[in-house]
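Student:
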Amino acid sequence: DYLAAEECISNDYDTVLSCSRGIMTRDRFDCTRCDLLVVNFLGATKVSIGTVMEIAWADLKRIPIIVISEDDNIHNHGMISEATGFRVESVETALTVAEAILNLKGE
């Protein structure tokens, strides 16, 4: 959250959590212990290499992955399609699928 205000994530920061290694270590840790990964590619104009790695880490651990994207999204690729458990076109639909996967209905 502390990098949320950054418009462009740099490769170099003074704090250990914000340097390239810190970001990678934290993201890998998060993606390999989550219950579900939701990826929002809506409106992407360039490939997000970091997000593609996060999908790979989650897939390696067989964590369910929901990808939100348009049909003509730049991330449409066979490997991402095969790693994706559920592909939807809206955040609302992703939330419905996530609730079902995590069995949150009625709780």
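Under this note's numbering, think of the first position of the sequence shown as 762, with each following residue one higher.
Backbone N, C-alpha and C define an ideal beta-carbon position, used for all residues, glycine too.
#1: Output needed for residue 812: all residues of its chain with C-beta closer than 7 Å, excluding positions within five of it in sequence on either side, in chain order.
#2: DSSP three-state label for residue 847, please.
#3: CB-CB under 7 Å to residue 784, same chain, minus the five flanking residues each way: which ones, in chain order?
#4: Less than 8 Å between the C-beta atoms of residue 816 and residue 858, yes or no?
#5: Mark residue 864 as exposed unless 16 or more other C-beta atoms lie within 10 angstroms of its C-beta, in which case mark it buried.
#6: So the candidates are 861, 833, 791; which of them puts its Cα closest to the Cα of residue 805?
#7: Tell me whether residue 826 sits in a helix, a strand or coil according to DSSP, three-state version.
#8: Whose C-beta lies closer than 8 Å to the C-beta of residue 776 among residues of the same chain, with five residues either side of it excluded?
#9: Is the beta carbon of residue 841 closer than 8 Å to that of residue 797?
#10: With DSSP collapsed to three states, give me the class of residue 778.
Tutor: Reading from the atomic positions:
#1: As a working mapping, residue 812 is identified with position 51 in the sequence shown. For residue 812, where only same-chain residues beyond five positions count, the Cβ hits under 7 Å are 800.
#2: Here residue 847 is taken as the residue at index 86 of the sequence shown, counted from 1. It is a strand residue.
#3: Taking the first residue of the sequence shown as position 1, residue 784 is located at position 23. Taken in chain order, the list of residues that qualify is empty.
#4: Taking the first residue of the sequence shown as 1, we reach residue 816 at position 55. Taking the first residue of the sequence shown as 1, we reach residue 858 at position 97. Against a cut-off of 8 Å, the Cβ pair of residue 858 and residue 816 comes out as no contact.
#5: Counted from its first residue, the sequence shown places residue 864 at position 103. When all chains shown are included, residue 864 counts as exposed.
#6: As a working mapping, residue 805 is identified with position 44 in the sequence shown. Of 861, 833, 791, the residue nearest in Cα terms is 833.
#7: Residue numbering aside, residue 826 sits at position 65 when the sequence shown is read from its first letter. In the structure shown, residue 826 adopts extended strand secondary structure according to DSSP, grouped into three states.
#8: Taking the sequence shown and counting its residues from 1, the one referred to as residue 776 is at position 15. Contacts found: 783.
#9: Within the sequence shown, the letter at position 36 stands for residue 797. Within the sequence shown, the letter at position 80 stands for residue 841. Contact flag unset, no.
#10: For the purposes of this step, residue 778 is taken as the residue at position 17 of the sequence shown. Three-state DSSP puts residue 778 in coil, outside helix and strand.
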